[in-house]
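Accompanying notes for the structure given below.
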Amino acid sequence: MTTDNSLEIVNVIAKAISVIEQDGEFRGNSNTGYAGDVPGYRSTKDKVVSHFKSPTPETYEERIWTEAKEVLDYFRNRAMHTNDFMTNLIVLSKSDEIIVKNIGYIVAMVPTYRKQQMKDAIASEYANSDYLGVVGKRREFFLKLIERQYIQSMECSLFTFIDRRKNLVKTWVSADKVEQFNMSEGDCVDLTAFVRKHEKNKYNNLRETIINRVKIVENKGKA
Numbered sequence: 007m008t009t010d011n012s013l014e015i016v017n018v019i020a021k022a023i024s025v026i027e028q029d030g031e032f033r034g035n036s037n038t039g040y041a042g043d044v045p046g047y048r049s050t051k052d053k054v055v056s057h058f059k060s061p062t063p064e065t066y067e068e069r070i071w072t073e074a075k076e077v078l079d080y081f082r083n084r085a086m087h088t089n090d091f092m093t094n095l096i097v098l099s100k101s102d103e104i105i106v107k108n109i110g111y112i113v114a115m116v117p118t119y120r121k122q123q124m125k126d127a128i129a130s131e132y133a134n135s136d137y138l139g140v141v142g143k144r145r146e147f148f149l150k151l152i153e154r155q156y157i158q159s160m161e162c163s164l165f166t167f168i169d170r171r172k173n174l175v176k177t178w179v180s181a182d183k184v185e186q187f188n189m190s191e192g193d194c195v196d197l198t199a200f201v202r203k204h205e206k207n208k209y210n211n212l213r214e215t216i217i218n219r220v221k222i223v224e225n226k227g228k229a
């Protein structure tokens, strides 16, 4: 902590990275509903704030400092955003120091940066994804499940697959079907399904084939 009770921003980012790695995940504030108000729950922000209120000497591996600087540079080099949250992160990144009340924003830089890096990697890996099948027609697929994501607002899961040519295929799966499918990420599956539509992902512009009325023929397990 500096003499005027401000904090060096890169130190806060490094501490956030360290806490996230120790916990195995980023933990949102319990009072926001992000993770629920669980007795004894301590968010990543809580732990970082606690550290800087009574700082003790701490050393980090070089890779943590490297990522902390990459996180900071990422926001410093971004243009202003229409999203208020992102705008706050960008504005705060322009300074070398912050005050304690802004720690939450700085901590949030880490998962925000990592999420964008993951999106960029996906966009690069599947840049050549193309549409499969004819819309409205049933066909056979041999696919690998690469992501299974529960969407709370929809009360169902979104399964993302790829074929051998890394063409992206997605389907919505209800809770009862998830259990019936008995499918884990990495599993390779023979299935039949109707091609519901072809569309570009609104976030990364990748071509995706959306299927429904899925029937599993055989789950061949991990590739």
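Position 104 (the sequence shown) corresponds to 110 in my numbering; numbering is contiguous. Yeah, the Cβ is synthetic: ideal placement off N, Cα and C, and Gly gets one too. Just so we're clear, the structure is a prediction, and the values are computed from it rather than from any experiment.
Judging by CA-CA distance, which residue of Ile222, Leu212, Phe81 and Gln122 is the nearest neighbour of Glu146? Taking the sequence shown and counting its residues from 1, the one referred to as residue 146 is at position 140. When only C-alpha atoms are compared, the closest one is Ile222.
Simplified DSSP state of Ile105, which is helix, strand or coil: Translated into the one-based positions of the sequence shown, residue 105 becomes position 99. DSSP places Ile105 in coil when its eight states are reduced to three.
Where Leu138 falls: helix, strand or coil (DSSP): For the purposes of this step, residue 138 is taken as the residue at position 132 of the sequence shown. DSSP places Leu138 in coil when its eight states are reduced to three.
How should Ile105 be labelled, buried or exposed, when 16 other C-beta atoms within 10 angstroms of its C-beta is the threshold for buried? To locate residue 105, count along the sequence shown from 1; it is residue 99. Exposed, by the Cβ-count rule.
Give me the DSSP bridge partner(s) of Arg154. Here residue 154 corresponds to residue number 148 of the sequence shown, with the count starting at 1. Per DSSP, Phe165.
Would you kindly check if the distance between the Cβ of Val201 and the Cβ of Lys143 is under 8 Å? Position 137 of the sequence shown, counted from the first residue, corresponds to residue 143. Position 195 of the sequence shown, counted from the first residue, corresponds to residue 201. Closer than 8 Å, so yes.
In three-state terms, what does DSSP make of Asn83? Reading the sequence shown from its first residue, position 77 is the one you call residue 83. Coil at Asn83, not helix or strand.
Buried or exposed: Lys121, going by 16 or more other Cβ atoms within 10 Å of its Cβ? Start at 1 with the first residue of the sequence shown, and residue 121 comes out as number 115. It is exposed - the Cβ of Lys121 has fewer than 16 other Cβ atoms within 10 Å.
Straight-line gap, Leu1 to Ala199 (C-alpha atoms, nearest Å): Here the chain comprises residues numbered 7 to 229, so residue 1 is not present and cannot be evaluated.
For Asn94 and Tyr111, the rounded distance between their alpha carbons: Position 105 of the sequence shown, counted from the first residue, corresponds to residue 111. Position 88 of the sequence shown, counted from the first residue, corresponds to residue 94. About 8 Å.
Beta carbon of Val16 nearer than 8 Å to that of Lys53: Indexing the sequence shown from 1 puts residue 16 at position 10. Indexing the sequence shown from 1 puts residue 53 at position 47. Taking 8 Å as the Cβ cut-off, Val16 and Lys53 do not qualify as a contacting pair.
CA nearest to the CA of Leu78, picked from Phe165, His204 and Ile19: Within the sequence shown, residue 78 is the residue found at index 72, counting from 1. Among Phe165, His204 and Ile19, the Cα nearest to that of Leu78 belongs to Ile19.
Buried or exposed (CB count within 10 angstroms, at least 16 for buried), Tyr209: Taking the first residue of the sequence shown as position 1, residue 209 is located at position 203. Label assigned to Tyr209: exposed.
I think Val97 touches Ala22, with their Cβ atoms under 8 Å apart; what is that distance to the nearest whole Å? On the sequence shown, position 91 is the one that residue 97 refers to. On the sequence shown, position 16 is the one that residue 22 refers to. Contact flag wrong, Cβ pair sits at about 18 Å.
Name the two residues that bound the continuous beta strand (DSSP E) containing Leu197. Translated into the one-based positions of the sequence shown, residue 197 becomes position 191. Per DSSP, Leu197 belongs to the beta strand (DSSP E) from Asp193 to Lys206.
Give a yes or no on whether the minimum CB-CB distance between Val54 and chain D is below 8 Å. Absent from the structure: chain D. Only one protein chain is present.
Contact set for His57: own chain, Cβ-Cβ below 7 Å, skip 5 residues either direction: Here residue 57 corresponds to residue number 51 of the sequence shown, with the count starting at 1. Once the five neighbours on either side are set aside, the close Cβ partners of His57 are Lys21.
Taking the alpha helix (DSSP H) that Ser99 belongs to, which residues open and close that run? Residue mapping note: residue 99 aligns to position 93 of the sequence shown, counting from 1. Its alpha helix (DSSP H) spans residues Asp90 to Ser99.
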